[in-house]
Amino acid sequence: MDTILLPFSPRFIVLTICAVVTVLLLLVGIFDHKVFKIILIPLVIFGALTLLGIRDFTQKNHAVLRNYPISAHVRFLLEEIRPEMRQYFFESEKDGMPFSRDTRAVVYQRAKMVLDKRPFGTQEDVYREGYEWMHHSVAPKPRADEKFRITIGGPDCTKPYSASVFNISAMSFGALSPNAVRALNAGARKGGFAHDTGEGGVSPYHREMGGDIIWEVGSGYFGCRNRDGTFNPELFASVAGDDQIKMVELKISQGAKPGHGGVLPAAKVSEEISKIRGVPMGEDCISPAYHKAFSTPIQMMEFVANMRKLSG
Numbered sequence: 001m002d003t004i005l006l007p008f009s010p011r012f013i014v015l016t017i018c019a020v021v022t023v024l025l026l027l028v029g030i031f032d033h034k035v036f037k038i039i040l041i042p043l044v045i046f047g048a049l050t051l052l053g054i055r056d057f058t059q060k061n062h063a064v065l066r067n068y069p070i071s072a073h074v075r076f077l078l079e080e081i082r083p084e085m086r087q088y089f090f091e092s093e094k095d096g097m098p099f100s101r102d103t104r105a106v107v108y109q110r111a112k113m114v115l116d117k118r119p120f121g122t123q124e125d126v127y128r129e130g131y132e133w134m135h136h137s138v139a140p141k142p143r144a145d146e147k148f149r150i151t152i153g154g155p156d157c158t159k160p161y162s163a164s165v166f167n168i169s170a171m172s173f174g175a176l177s178p179n180a181v182r183a184l185n186a187g188a189r190k191g192g193f194a195h196d197t198g199e200g201g202v203s204p205y206h207r208e209m210g211g212d213i214i215w216e217v218g219s220g221y222f223g224c225r226n227r228d229g230t231f232n233p234e235l236f237a238s239v240a241g242d243d244q245i246k247m248v249e250l251k252i253s254q255g256a257k258p259g260h261g262g263v264l265p266a267a268k269v270s271e272e273i274s275k276i277r278g279v280p281m282g283e284d285c286i287s288p289a290y291h292k293a294f295s296t297p298i299q300m301m302e303f304v305a306n307m308r309k310l311s312g
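Per full-length UniProt numbering, the sequence shown starts with residue 1, numbered consecutively.
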């Protein structure tokens, strides 16, 4: 008895309805040729759904499809549009990670050069736990005349650099687009701070806008390497001698994965990246897990001293 009623259970009722409607439409079309053209489109639709349901029931890869033929596809459709539904209908102004709608709105408004401020207070819950704010001082101090800069380079440094306490951290060209590199360096120039190149080398886009540059040299020695991946002193000296490059940073290891190297797949090594990094096209661009130029702390200090000498 249970087997007979199984097609009419909630799990299979959609498939059963589609199959029954298909059979009925087919019988009507066979016995009454005049209405066949009218019922052709519904017949094709319900026939296709029936075939889909049979396929769902007989396949063995998805338990949901096997248990709920046809109707389970609605679940996958809802999963597909879930991010859009959440963003447009359910997400509040303060929800959303890593950036809320309010934060994104400020970026959009400033990019369009329109007003990015709202009157009549804040929408933030200022009483929630963890909320931070700057409190007005009841005894304000005179405005500081210091420029909030730090001189980097001791007595042995021939070219000390007065660095801002606010700078742009390392992000390589390749991970960033040319326009992103230009924008960051232009901001560094306007703000009077430095722009770190990341280990991908100094690109022409870092130089275009005239901002101060910190050249990061990693274990791949991109921009100052031989064909075998070893350090090239002459090439390093020619790049480091640029007056726009204010400091050279030696990257010991991958910050996100210490003790491991990095790989830029060959498919992403464009002609431009190949030229800037000094790596061959058609091959994976490898950042080794260790430096070939040194292996002990003393050797590292000697290597740093040599880099300082080469850079002038």
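Note that CB positions come from ideal geometry on N, CA and C, so glycine has one too.
Secondary structure of residue 314, DSSP reduced to three states = A question about residue 314 goes unanswered here, because the residues of the chain that appear run from 1 up to 312.
Is Asp116 near Val106, with beta carbons less than 7 angstroms apart?
-> By 1-based counting over the sequence shown, the position of residue 116 is 116. By 1-based counting over the sequence shown, the position of residue 106 is 106. Yes, Cβ-Cβ distance for Asp116 and Val106 is below 7 angstroms.
Could you give the distance in angstroms between the alpha-carbon of Phe8 and the alpha-carbon of Val14?
-> Stepping through the sequence shown from its first residue, residue 8 is reached at position 8. Stepping through the sequence shown from its first residue, residue 14 is reached at position 14. One C-alpha to the other measures close to 9 angstroms.
Could you check which residue in Phe76, Asp125 and Arg11 has the C-alpha nearest to that of Glu93?
-> Looking up residue 93 in the sequence shown gives position 93. Of Phe76, Asp125 and Arg11, the residue nearest in Cα terms is Asp125.
Status (buried if at least 16 other CB within 10 Å, exposed otherwise) for Val269 = If you number the sequence shown from 1, residue 269 lands on position 269. Of the residues assessed, Val269 falls on the buried side of the cut-off, its CB having 16 or more other CB atoms within 10 angstroms.
Can at least three beta-carbon pairs, one atom from the segment 29-40 and one from the segment 62-82, be found at a separation below 8 angstroms?
-> As far as the Cβ criterion goes, the segment 29-40 does not touch the segment 62-82, which means the pair count is below three.
Element boundaries [beta strand (DSSP E), containing Arg118] | Locating residue 118 in the sequence shown gives position 118, counting from the first residue. Where Arg118 is concerned, there is no enclosing beta strand (DSSP E), given that its DSSP letter is neither H nor E.
Tell me whether Lys246 is buried or exposed, calling it buried when 16 or more other Cβ atoms sit within 10 Å of its Cβ.
-> Counted from its first residue, the sequence shown places residue 246 at position 246. By the neighbour-count rule (16 or more Cβ atoms within 10 Å), Lys246 is buried.
Where do the N-terminal and C-terminal ends of the beta strand (DSSP E) with Glu216 fall, by residue?
-> As a position in the sequence shown, residue 216 is number 216, starting the count at 1. For Glu216, the enclosing beta strand (DSSP E) stretches over residues Asp212 to Val217.
Segments assigned beta strand (DSSP E), at least 3 residues, entirely inside the segment 116-147 | none
Given a threshold of 16 other Cβ atoms within 10 Å of its Cβ, counted over all protein chains shown, does Cys285 qualify as buried or as exposed?
-> Walking along the sequence shown from the start, residue 285 turns up at place 285. Under this definition Cys285 is a buried residue.
Endpoints, alpha helix (DSSP H) assigned at Val279 | Counting from one through the sequence shown, the residue named residue 279 turns up at place 279. Here Val279 belongs to no alpha helix (DSSP H), and DSSP marks it neither H nor E.
Starting from Val35, follow its DSSP beta bridges and name the residues at the other end.
-> As a working mapping, residue 35 is identified with position 35 in the sequence shown. DSSP output for Val35 lists no bridge partner at all.
7 angstroms CB neighbourhood of Gly223 in its chain, flanking five on each side removed | In the sequence shown, residue 223 corresponds to position 223, counting from 1. Same-chain partners within the cutoff: Gly201, Val202, Val239, Ile276, Arg277 and Gly278.
Who are Thr151's beta bridge partners in DSSP?
-> Translated into positions along the sequence shown, residue 151 becomes position 151. In the DSSP output, where bridge partners are listed per residue, Thr151 has Ser162.
Just checking my contact of Ile70 with Leu52 at CB under 8 angstroms: how many whole Å lie between their CB atoms?
-> Taking the sequence shown and counting its residues from 1, the one referred to as residue 70 is at position 70. Taking the sequence shown and counting its residues from 1, the one referred to as residue 52 is at position 52. Correct: roughly 6 angstroms between the Cβ atoms.
Val263 - partner residues in DSSP beta bridges = The residue given as residue 263 occupies position 263 in the sequence shown. Paired residues: Ile286.
Near Val304, which residues of its chain fall below 8 angstroms by C-beta distance, leaving aside the five closest residues on each side in sequence?
-> Walking along the sequence shown from the start, residue 304 turns up at place 304. Scanning its chain for C-beta atoms nearer than 8 angstroms, with the 5 sequence neighbours on each side dropped, one finds around Val304 the residues Leu250, in chain order.
Could you work out which residue in Val181, Ser172 and Pro288 is closest to Lys257 when comparing CA atoms only?
-> Here residue 257 is taken as the residue at index 257 of the sequence shown, counted from 1. When each option's Cα is compared against that of Lys257, the closest is Pro288.
To which residues does DSSP link Glu249 through a beta bridge?
-> By one-based count along the sequence shown, residue 249 stands at place 249. Glu249 is bridged to Glu216.
Give a yes or no on contact between the segment 163-171 and the segment 188-198, applying the rule of three or more CB pairs nearer than 8 angstroms.
-> Yes: the two stretches touch, three or more of their Cβ pairs being nearer than 8 angstroms.
Terminal residues of the continuous alpha helix (DSSP H) containing Thr197?
-> Taking the first residue of the sequence shown as position 1, residue 197 is located at position 197. Per DSSP, Thr197 belongs to no alpha helix (DSSP H) and is neither H nor E.
N- and C-terminal bounds of the alpha helix (DSSP H) containing Asp102 | Locating residue 102 in the sequence shown gives position 102, counting from the first residue. Per DSSP, the continuous alpha helix (DSSP H) segment holding Asp102 begins and ends at Arg101 to Ala111.
Distance, Cα to Cα, Cys157 vs Arg110?
-> By 1-based counting over the sequence shown, the position of residue 157 is 157. By 1-based counting over the sequence shown, the position of residue 110 is 110. So the alpha carbons of these two residues sit roughly 41 angstroms apart.
Phe173 bridges to which residues according to DSSP?
-> Start at 1 with the first residue of the sequence shown, and residue 173 comes out as number 173. Its beta-bridge partners are Leu176.
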